[in-house]
Amino acid sequence: MKKSTKIWLIIFIISFVGSLLLFSVVSNSIIIGESVYFNFDAVGYIGLAFMAISLVSGGVLYFKFIKAQNFSRMLFFLTVPLTLLFGGAIYFVSNINNISNTQIEVVRQVLNISQTNNINYIWAILLTVVYLVLLFIVFNYACKPIKKIEKAVYRLSDGRVKDEITIGGNKQFEGIEHGLNKINDVYKEKENLIKKTNLEYEKFVPKQFLKFLGKNSILELELGNQVQKEVTTMFCDIRNSTATSSTLSLEDNFNYINSYLKIVSPLIRKHGGFVDKYLGDGILAVFVHAENAIECAVQVVRAIEQKNRENSTTPSMDVGISLNTGEVVFGVVGEEERKSPTIISDTVNLASKMENINKFFHTKIIFSKRTLNSLRNEYPLSYRFIGTLTLEDKDYLSMFECLDSYDKKIREKLESVKVTFEQGVRYYNLGKYHNAKENFQIVLKRAREDKVAYMYYNKCEQKISGENPMRL
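Just so we're aligned, residue 1030 is where the sequence shown starts under my numbering, counting upward by one.
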């Protein structure tokens, strides 16, 4: 027996005994004559209080008893007392005219019943209506847990998981509630597993890739699925990683590369892109909008520089980023036992070739003319023309350096000599090496930090002296 039940039982026994002892005092305080009136003293009120407390505590114990029964017994113990009371009341009202004493006469006066008006039958009908209403309330109360079970089963059948299922009701329903919660726990475990699995899948196949292909799940991918879209591709590479890796252990090498990827990858996602491939110490990423790619590249360079300033225990990192815009094909390649999402296009190959130029010039961020043309006209960007890349079809691809990644002083110097620098590049492409050398010499006097101007200056000297410098 629960502690609360014991307390209610003690209260009921004490109040019930008190009610019995003071019953005569209470009954003598009720004066019945031509009308009913009360004449309670202090002891009479105490007796009334005992009766009220015994009724309340008895009711609580009754409902606790009901809840401890199974469903059929609960219905029995709810309806039988009510039916007995109803039967007694109907018998009393039907035969009230055949009973003669002072108390019954008062009741007849209160109910306005006489030998001639037959109002007692109206009271019988009213009692029947009250009885039926009470039966409805009783059955509704008894069947309330069944409605909750029905809702819980529908919810579980639809795969809708709730933190906890609460049925309530009597003892029999506690077992059902426990069983449903066990099923619910299994659903939750499976749902959490599916969520974790989907999150892991997204790490291998980005959501954006599925979106491009018009798919909602990796399960929908099939060989041959493909779509063509214009995007901006980003090649991001760690400089001198081979030399650095030779000084580190295998474990430190992985930690070194991952510490770089932990900086770059979140920034790519933040700017609306996704990582298509991890290329050892490099990343191939895709952006729908060229502006996002430019902004991401600038943020990556600044974040790496910040990491180098804050962490002196590991080798410093230096990154190069090249951007190119064009049509690419997103698709699924492989065979039935091994499928792989990929992107195929000359746009990707050109971005890779541009990264070689990026390394040669020691620049941070370069992008193609196609990327420049994809930017909004009002997009604020500091940049300069640095040369052309010769393509396999003997066409040329103009390349530009993004100056926004430099600190303010260096950027202002480079912007101040931009016209002179770009004219020097054009002279060089036309084979006017003396004119180009003069321009780059002017640039270097104003901006000694300009590595690209320094490389061009040396190439001009090599050309003038008859040497064969590296071609772009």
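Note that beta-carbon positions come from the ideal geometry of N, C-alpha and C, so glycine has one too. Keep in mind it's a predicted model, so treat the numbers as computed, not measured.
Report the option in the options whose CA atom is closest to the CA atom of residue i.
{"i": "Tyr1091", "options": "Leu1077, Leu1107, Ile1082 and Ala1081", "result": "Leu1107"}
{"i": "Arg1455", "options": "Ile1415, Trp1037, Arg1405 and Leu1443", "result": "Ile1415"}
{"i": "Ile1043", "options": "Ile1082, Ile1178 and His1391", "result": "Ile1082"}
{"i": "Lys1488", "options": "Asn1221, Asn1458 and Leu1277", "result": "Asn1458"}
{"i": "Leu1111", "options": "Tyr1120, Phe1094 and Tyr1160", "result": "Tyr1160"}
{"i": "Phe1052", "options": "Lys1035, Ser1033, Leu1077 and Lys1032", "result": "Leu1077"}
{"i": "Ile1439", "options": "Asp1479, Thr1354 and Asn1337", "result": "Asp1479"}
{"i": "Gly1311", "options": "Asn1385, Gly1355 and Gly1301", "result": "Asn1385"}
{"i": "Ala1181", "options": "Tyr1485, Tyr1486, Asn1213 and Leu1156", "result": "Asn1213"}
{"i": "Met1263", "options": "Ile1223, Val1327 and Gly1208", "result": "Val1327"}
{"i": "Thr1034", "options": "Ile1395, Asp1070 and Lys1093", "result": "Lys1093"}
{"i": "Gly989", "options": "Glu1421, Glu1430, Asn1210 and Ser1288", "result": "Any answer about residue 989 is impossible in this case: the structure gives the chain only from 1030 up to 1501."}
{"i": "Tyr1170", "options": "Lys1096, Val1158, Ser1434 and Asp1305", "result": "Lys1096"}
{"i": "Asp1347", "options": "Thr1354, Phe1316, Ser1434 and Asp1305", "result": "Ser1434"}
{"i": "Lys1442", "options": "Gln1452, Asp1424, Lys1466 and Ile1471", "result": "Ile1471"}
{"i": "Glu1259", "options": "Gln1237, Thr1157 and Val1317", "result": "Val1317"}
{"i": "Val1109", "options": "Ser1345, Asn1149, Lys1336 and Leu1163", "result": "Leu1163"}
{"i": "Phe1303", "options": "Val1315, Val1293 and Ile1292", "result": "Val1315"}
{"i": "Leu1277", "options": "Asp1424, Val1481 and Thr1343", "result": "Thr1343"}
{"i": "Leu1209", "options": "Leu1222, Tyr1425 and Glu1179", "result": "Glu1179"}
What separation, rounded to the nearest whole angstrom, lies between the Cα atoms of residue i and residue j?
{"i": "Leu1290", "j": "Ser1494", "result": "44 Å"}
{"i": "Ser1101", "j": "Met1080", "result": "31 Å"}
{"i": "Ser1056", "j": "Gly1117", "result": "22 Å"}
{"i": "Leu1104", "j": "Ser1086", "result": "21 Å"}
{"i": "Ser1374", "j": "Phe1359", "result": "9 Å"}
{"i": "Ile1166", "j": "Trp1152", "result": "21 Å"}
{"i": "Tyr1216", "j": "Val1362", "result": "35 Å"}
{"i": "His1391", "j": "Glu1334", "result": "15 Å"}
{"i": "Cys1172", "j": "Gly1088", "result": "20 Å"}
{"i": "Asp1281", "j": "Lys1393", "result": "25 Å"}
{"i": "Ala1332", "j": "Ile1205", "result": "57 Å"}
{"i": "Lys1461", "j": "Val1256", "result": "45 Å"}
{"i": "Tyr1483", "j": "Leu1473", "result": "7 Å"}
{"i": "Tyr1183", "j": "Ile1267", "result": "55 Å"}
{"i": "Val1329", "j": "Ser1351", "result": "12 Å"}
{"i": "Cys1325", "j": "Ile1297", "result": "6 Å"}
{"i": "Leu1418", "j": "Glu1218", "result": "55 Å"}
{"i": "Tyr1485", "j": "Arg1413", "result": "14 Å"}
{"i": "Phe1041", "j": "Leu1050", "result": "14 Å"}
{"i": "Gly1301", "j": "Lys1240", "result": "13 Å"}
{"i": "Asn1068", "j": "Leu1084", "result": "22 Å"}
{"i": "Asp1305", "j": "Ile1286", "result": "17 Å"}
{"i": "Leu1379", "j": "Asn1353", "result": "7 Å"}
{"i": "Asn1321", "j": "Glu1356", "result": "17 Å"}
{"i": "Asn1464", "j": "Gly1453", "result": "7 Å"}
{"i": "Asn1387", "j": "Lys1224", "result": "41 Å"}
{"i": "Ser1288", "j": "Ser1345", "result": "11 Å"}
{"i": "Ile1148", "j": "Tyr1120", "result": "14 Å"}
{"i": "Thr1157", "j": "Ile1036", "result": "37 Å"}
{"i": "Lys1492", "j": "Tyr1408", "result": "38 Å"}
When DSSP builds the beta bridges, which residues end up paired with residue i?
{"i": "Gly1306", "result": "The sequence as given places Lys at residue 1306; Gly does not occur at that position. Lys1306 is bridged to Leu1313."}
{"i": "Cys1431", "result": "Tyr1412"}
{"i": "Cys1265", "result": "Ile1312 and Ile1350"}
{"i": "Glu1364", "result": "Arg1367"}
{"i": "Ser1257", "result": "The residue you asked about is not Ser; residue 1257 is Gln in the sequence shown. In DSSP, Gln1257 forms a bridge with Val1358."}
{"i": "Ile1493", "result": "DSSP lists no partner for Ile1493."}
{"i": "Ile1394", "result": "Ile1350"}
To the nearest whole angstrom, what separates the beta carbons of residue i and residue j, a pair I think is in contact under 8 Å?
{"i": "Ser1445", "j": "Arg1475", "result": "6 Å"}
{"i": "Thr1261", "j": "Thr1400", "result": "6 Å"}
{"i": "Val1046", "j": "Gly1073", "result": "Incorrect: roughly 17 Å between the Cβ atoms, too far for contact."}
{"i": "Val1377", "j": "Leu1313", "result": "7 Å"}
{"i": "Leu1410", "j": "Ile1323", "result": "7 Å"}
Count the other CB atoms, across all protein chains shown, that sit within 10 Å of the CB of residue i; report buried if there are 16 or more and exposed otherwise.
{"i": "Ser1397", "result": "buried"}
{"i": "Pro1235", "result": "buried"}
{"i": "Phe1450", "result": "buried"}
{"i": "Phe1283", "result": "exposed"}
{"i": "Ser1341", "result": "exposed"}
{"i": "Lys1177", "result": "buried"}
{"i": "Asn1406", "result": "exposed"}
{"i": "Leu1114", "result": "exposed"}
{"i": "Asn1124", "result": "exposed"}
{"i": "Leu1279", "result": "exposed"}
{"i": "Lys1437", "result": "exposed"}
{"i": "Pro1174", "result": "buried"}
{"i": "Ile1395", "result": "buried"}
May I ask you to check if the CB of residue i is nearer than 6 Å to at least one heavy atom of the ligand MG?
{"i": "Ile1267", "result": "The ligand MG is absent from the structure shown, which contains no ligands of any kind."}
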